[in-house]
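Reading through the structure tokens given below for one structure.
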Amino acid sequence: MESSLFKFIWKYSRREQIKLLIFTLALFPLLYLSLELPKRIINDAIEAPSGSVTVFGWQIDQIPFLMLLSVLFLVTVTVHGLLKMRVNTMKGLMAEDLLRRLRYTLIGRIIRFPSDYLDRTSEGELVSMVMGETEPMGGLMGDAISQPVLQAGQMLTILAFLFSQSWAFGLAAVAFIPLQGWLIPKLQRRVNLLNKKRVVHVRALAGDIGTSVAGATTLRTNGGWGYLMSLINDRLGNLVAIRFQIYQKKFFMKFANNFISQLTPFFFYSVGGYLVIRGDVTIGALVAALAAFKDLSAPWKELLAYYTTSQELGLRWEMISDRFSPSGMVENNLFEGDPQDGPVLTGDIELSGLNLRNSTGELVLSEADLVISKGQTTLVIAASEEDRRALAYMLMRELKPTFGSVRIAQHDLAGLHQKTIFQRLGFANSRPVVFDGTFLDNLMLPLYRLPDADKPFLLTETEQHLQENKGRLRDWWLEFITTLDLSDALFARGLTLRLPDDLDTPLAKALPAMRARVAARIEAEGLSQNARFFAADTYNPALSVAENVLFAIAHETPNAEKIAEQSDFQALLDELHLEKALFDTAFSIVEILLNIFGDDGSNHPLFRKLDLEEASYHHVADLLARSDPAAKLTTHDKSHLLAVLFAISSEKLGVAFDDDVVAVIMNMRGAHAPALQASLADVVTPLAVDTSIPGLTIQENAMFGRAVPRTPGEAQHLKDVVGEVLEETCKTAVLDLILELPVSRKSSNLPAQLSEILSLCRATIKRPDMVIMDEPLASFDQDVRKALPRRLRTLLPEATILVLSASDLGDEACDKQVRLYHGMLVDDTDETPSEQGGAGKAELDLKIQALSTSKLFSSLGRKQQRLLAFGARWYKAAPGEYIFHAGDAPDSGVFLIVEGSADLLRAGDDGTEVLVTNVGAGSLVGELGLIRQEPRALHMRASDNLVCLNIGQDEFMSVIQHDAATAYRVLQIVAGYI
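Counting along the sequence shown from 1, when you hit position 266 you're at 247 in my numbering, and nothing is skipped either side.
So this is what it looks like as structure tokens:
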């Protein structure tokens, strides 16, 4: 960013500022005329010694001359006002354009922030800086040059006029300006320091507010809101104290400035009046001078205000620049522009001498080297989620290595343009960030065009470009989910989505024709008892009471407020005399609920499943408490009663209604359903067997009914049956609904499986040269995850695929397998880790040989032995030296004796050490305490020169957890101890 606010203004508005300056300079002659003409009107026209006046050799009568000067004055002030309006309009437009550019620049810098800086920075603080703290800068951006020139020019013009009238007037006008020019900036500096302190507290408060919004649920459930509110209260109190100090200094500064300004009129009245009395100055000149000084004070105040504002905003600019210039930002030249010929990254990936730390500062890689061949599928196994994330972010240049380099196809990753990275590299994980919009909008992120700060209305062009590519994207989407064998899972999900309002779609037209076949299959599968089909002459217990009366489906369950807006519906109920029967039913329903849940049971999870608002429940319960509940019901009462009828069905209630109640409801339907449906046209959709019903799910539309399964197994069976019928003709149309699924950045309405598919599809839709996947499809079963690399290879035959996983996916899943182990990338396909060589290889062989002598580790495969040896360390002890003591924590790991022997001792009753046993080469010591996570039970002391292989806690437990044979051998050893 520019080092000062004025440099930013001059850089981006140089031409506009010069143009504005020219208009500003044109004001000064008109200003002088507006000061000179009143004097001429008084002295030359009104107080003319004769009835005529000589002007440039012409004789003009006094009255016409007065009118001429007055009209000239009017024209002067009018032109001056219009020109000033033009100047102000230009300033406002320029200020808004510069403010737009500044905010655009700041948001662009946020996108370039390093990931770890974003993790440490509050979202609320950034929003506050971009929107709140920049807002006052807009005014200064328009006034940067024109305002001081205008006000200073006005001052000089007025002073020139005053000196032309009398040197005394001029001196009186300027006498106190130096004092004000010295005092006011001195006081303003103190105010600026307090403002800086206030901004820091405001940013911290914005961060706390963001924390409370993001963690409201956590605060409520864990009781942390008390501390947070105390912290916020403390910050608000500090802000009040700082504001008080600012007010004290600021208003004292205004008082001092106003007092000094009022001293000048004192000299005008006293000295000027004396000069008029003596006849040295005319009364017209004194009046004009007083008017001129009055005009002089305004530009002087404006200049002082401009100074204080520029100082304050200059300080604010420095604070914003400091926060928006963190170390580790992606260089601007790697973001600017739109390179059309970026390099192709189809080549080997070379990691050389890498040192990498994760966001918490822990070492992930240490002097690591690795080569991944072009077009290879490589699995990197790393147990730590933070380590996997750090490694993936490094390969996407989101995290910079401390040392070393990453080269892809002979290109240094650090020097690639960002467009090349997002076009040539794809990244997918199990927790993608989604943005407000639809599933399709989020898939189309890679198709967005790069922005241009000089073209603020690029959005229309971008949206047109996206619309043109929607067809291609849909084709890729279908190919993607089919190839990866995800279409069945998504199709099952699609059956639960609601049918859109548009009934002209192929799906909406096809569903009615499928209903007979669906019903027949349900009956053939013996699932009729799990379905409640809609029929005009049958009461449906899966529909609410109101929906049964209307034989219609509510778009959303209406609450009392929504029902109160339906005045035509309520009037029709009254006119048709239907209220009493319906309200009696509502009272009966609430009576049943009160017997189940009581007055205070509305927080019960089962109550929430009823979809009945607590307010309506409690309101009707209060009505029941009256001696005559149905007496004198208000419109508000009736709305709550109807809300109960729209929410509750007999299936939800778990109680079948009496036959006479059902008969009354069916009679209402037969006689009045069409009229009632028409009065609620905006709330419900009528049920018709030959029409698709918006508001029902795809499955319910296909069934023309609702599912009422007794068990999850029956629910799945019913969905499978419906899906099998629809799959033949409607599968693609149902899958298309997934694309229109609304998603929100802050909500969790997108299931985990859909989130993972979104992330993976977004990474591959651009057909990248390299795909990096961190635990892809984590919520799917192991078979799907193991098959993913192979199936993805079908879509991207030339791409290099890198899979980061916490566990082994099997040798057949990938061409190469690498483990992230103690900061090293260990290639499982090599005989030894790539970092070992020469003496290192010989030492590793010795460790493996030592492990092979242990009964516990001898059954391990070569790969597991090599990895265990790689993490183990030699431990040597002299005779009499203690390796550990009884009571020590077991985190020092286990000790495999290679040479020598050691005594295992326990503490005797008299405080002496009692020998329990002596162990020699091949013995493993310390495993029991490690497994049980209990302190050491015995001392271990070297009885002669001892050489051990020390295996760390994490490495030992990893072997136990992942190798069944070793775990079984541990059980045998523990049983032997018993």
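For glycine and all other residues, C-beta sits at the position ideal for the given N, C-alpha and C. Here the structure is a predicted model, which means the values were calculated and not measured.
Quick check: the Cα distance between residue i and residue j, rounded to an integer number of angstroms?
i      : j     : result
P487   : T710  : 10 angstroms
A733   : N410  : 11 angstroms
H398   : L739  : 25 angstroms
F838   : I941  : 10 angstroms
G196   : L209  : 11 angstroms
L6     : I190  : 48 angstroms
A535   : D100  : 44 angstroms
L394   : P382  : 11 angstroms
E816   : L376  : A caution first: E816 carries a pLDDT of 42, below 50, which makes its placement in the model too unreliable to give a value.
S(-16) : W298  : 9 angstroms
A962   : P324  : The question about residue 962 has no answer here: the residues shown for the chain are numbered -18 through 959.
L952   : V345  : 34 angstroms
L11    : Q128  : 17 angstroms
T289   : K(-8) : 23 angstroms
G254   : A141  : 21 angstroms
G972   : S308  : A query on residue 972 cannot be resolved here, the shown segment of the chain reaching from -18 to 959 and no further.
G134   : T102  : 46 angstroms
D755   : I719  : 24 angstroms
T57    : Q(-2) : 25 angstroms
Given a threshold of 16 other Cβ atoms within 10 Å of its Cβ, counted over all protein chains shown, does residue i qualify as buried or as exposed?
i      : result
H558   : exposed
K(-12) : exposed
L160   : exposed
Q132   : buried
D124   : buried
H617   : exposed
G704   : buried
Y250   : exposed
Y949   : exposed
Y228   : exposed
M48    : exposed
E460   : exposed
M122   : buried
N584   : exposed
F851   : buried
F384   : exposed
G119   : buried
A637   : exposed
How close, in whole Å, do the beta carbons of residue i and residue j come, if the pair is a contact with beta carbons under 8 angstroms?
i    : j    : result
L531 : Q658 : 6 angstroms
H866 : R800 : That pair is no contact at about 34 angstroms.
L593 : A656 : No, L593 and A656 are not in contact; Cβ-Cβ is about 26 angstroms, not under 8 angstroms.
Y856 : C929 : 4 angstroms
L927 : G881 : 4 angstroms
R67  : F4   : 6 angstroms
According to the Cβ coordinates, are residue i and residue j closer than 9 angstroms?
i    : j    : result
T666 : G676 : yes
L351 : Q680 : no
G318 : G188 : no
L168 : F233 : yes
F876 : V906 : yes
W457 : L716 : no
I165 : A279 : no
L186 : F420 : no
T359 : D750 : no
A683 : V499 : yes
S525 : I629 : yes
G804 : S347 : yes
L806 : V784 : no
Contact criterion: CB-CB distance below 9 angstroms. Does residue i meet it with respect to chain C?
i    : result
L554 : Going by chain labels, chain C is absent from the structure shown, which holds only one protein chain.
Secondary structure, beta strand (DSSP E): runs of 3+ residues fully inside the region 33 to 99: 33 to 36, 39 to 42
Alpha helix (DSSP H) segments (min. 4 residues) lying fully within the region 486 to 524: 487 to 505
Length at least 3, wholly inside the region 879 to 950: the beta strand (DSSP E) runs in chain order: 883 to 888, 894 to 900, 920 to 923, 927 to 932
Every unbroken beta strand (DSSP E) inside the region 368 to 443 [3 residues or more]: 384 to 389, 406 to 410
Completely contained beta strand (DSSP E) runs for the region 816 to 876, where each covers 3 or more residues: 854 to 858, 863 to 865
Every unbroken alpha helix (DSSP H) inside the region 652 to 719 [4 residues or more]: 679 to 684
Contiguous alpha helix (DSSP H) assignments of at least 4 residues, all confined to the region -13 to 32: 8 to 21
Beta strand (DSSP E) runs wholly inside the region 600 to 661, at least 3 long, in chain order: none
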